[in-house]
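What follows is a single structure, written as structure tokens, with notes after it.
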Amino acid sequence: MNETTNLKLKKPAGNEYISVETINGNMDIIDTGMKEISDSVDAPEFDASGTVEGITDKAGLLASFVTRMPLVKFMRNVVAGFKLALYAGQVVNNCVTDNASLPLSAAQGKVLMDLYTVLNAKIADTSGIANTANAKIELDGPIKTIAYGSDKNKWAFQQQFPDGVILSLGISETEIFYDYYDGKTWTRKWTR
Numbered sequence: 000m001n002e003t004t005n006l007k008l009k010k011p012a013g014n015e016y017i018s019v020e021t022i023n024g025n026m027d028i029i030d031t032g033m034k035e036i037s038d039s040v041d042a043p044e045f046d047a048s049g050t051v052e053g054i055t056d057k058a059g060l061l062a063s064f065v066t067r068m069p070l071v072k073f074m075r076n077v078v079a080g081f082k083l084a085l086y087a088g089q090v091v092n093n094c095v096t097d098n099a100s101l102p103l104s105a106a107q108g109k110v111l112m113d114l115y116t117v118l119n120a121k122i123a124d125t126s127g128i129a130n131t132a133n134a135k136i137e138l139d140g141p142i143k144t145i146a147y148g149s150d151k152n153k154w155a156f157q158q159q160f161p162d163g164v165i166l167s168l169g170i171s172e173t174e175i176f177y178d179y180y181d182g183k184t185w186t187r188k189w190t191r
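Going by numbering that gives the first Met the number 0, the residue at position 128 of the sequence shown is 127; the numbering climbs one at a time, nothing skipped.
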């Protein structure tokens with residue numbers, strides 16, 4: 000009877016029969032090997048801090064995406080890179096209503112101010128990116144591109160989808176606005 004190269008499992012030649020004992024022995028070897036593998040892999044702890052050692056600017060973040068690295072490290076880099084995008088998305092999700100004639104409620108206003116406090120802290124923490132005229136990251140998923148632009152007086156964050164739709168959140172010294180592009184026409188959804 001032949002054996003496999005790595006685990007030394009018994010495998011019959013074309014004219015040999017295999018017994019239940021041989022199958023059971025092979026299963027025991029496989030079970031032991033799988034146990035060793037599962038014991039050697041630590042479940043990663045989720046890190047939502049938004050910081051990763053060694054990444055201090057946009058160029059470092061982008062360079063980290065094209066280098067070979069373990070999956071856990073890659074995911075931490077993604078969390079660090081898109082932390083600001085998530086806060087901006089929360090602002091849009093929590094404060095946009097379909098009826099433009101409705102006033103901003105006290106609850107919405109408090110949520111908006113709390114989110115801007117967090118957003119401003121995150122912008123301050125990423126000063127290397129805050130003065131960049133244009134930055135974008137191409138993705139392969141439901142969102143095609145995340146883009147950021149600033150000229151020190153105005154700031155804009157965009158999520159671009161494969162079908163041409165663009166959601167844009169902007170902040171200037173005098174207003175906050177949310178624009179929608181359906182692939183043909185820009186529409187201002189709201190301004191505060």
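The beta-carbon is built from N, C-alpha and C at its ideal position, and this holds for glycine as well.
This one's a predicted model, so the numbers in the text were calculated from it and none came from an experiment.
When secondary structure is reduced to three states using DSSP, Ser37 falls in the helix class. Asn23 sits in a helix when the DSSP states are folded into three classes.
In this structure, Gly163 keeps its C-beta atom at 8 Å or more from the C-beta atom of Gly148.
In the three-state scheme derived from DSSP, where H, G and I count as helix and E and B as strand, Ile28 is classed as helix.
When rounded, the separation of the alpha-carbon atoms in Asp27 and Lys7 is 12 Å. For Phe176, the enclosing beta strand (DSSP E) stretches over residues 175-180. According to the DSSP assignment, Lys153 belongs to no beta strand (DSSP E), since it is labelled neither H nor E. Counting along the chain, the unbroken beta strand (DSSP E) around Ile170 starts and ends at 165-170.
Here Lys109 carries a helix assignment [DSSP, helix/strand/coil]. Secondary structure note for Thr190: its beta strand (DSSP E) is the uninterrupted segment 185-190. Within 10 angstroms of the beta-carbon of Ile22 lie fewer than 16 other beta-carbons, which makes it exposed. Distances from the alpha-carbon of Glu174 to those of Pro141, Gln158, Tyr115 put Tyr115 closest.
Residue environment: Ser37 is assigned as exposed (fewer than 16 neighbouring CB atoms within 10 Å of its CB, all protein chains considered).
Here DSSP, grouped into helix, strand and coil, assigns Tyr147 to strand. Using a Cβ distance threshold of 8 Å, Lys9 and Gly32 do not count as a contacting pair.
In this structure, Gln158 and Ile145 form a Cβ contact; the two beta carbons are roughly 6 Å apart against a cut-off of 8 Å. In summary, Ser167 is buried, with 16 or more beta-carbon neighbours lying within 10 Å of its beta-carbon over all protein chains present. Contact check for Thr190 and Phe176: beta-carbon distance about 5 Å, within the 8 Å limit, so the pair qualifies.
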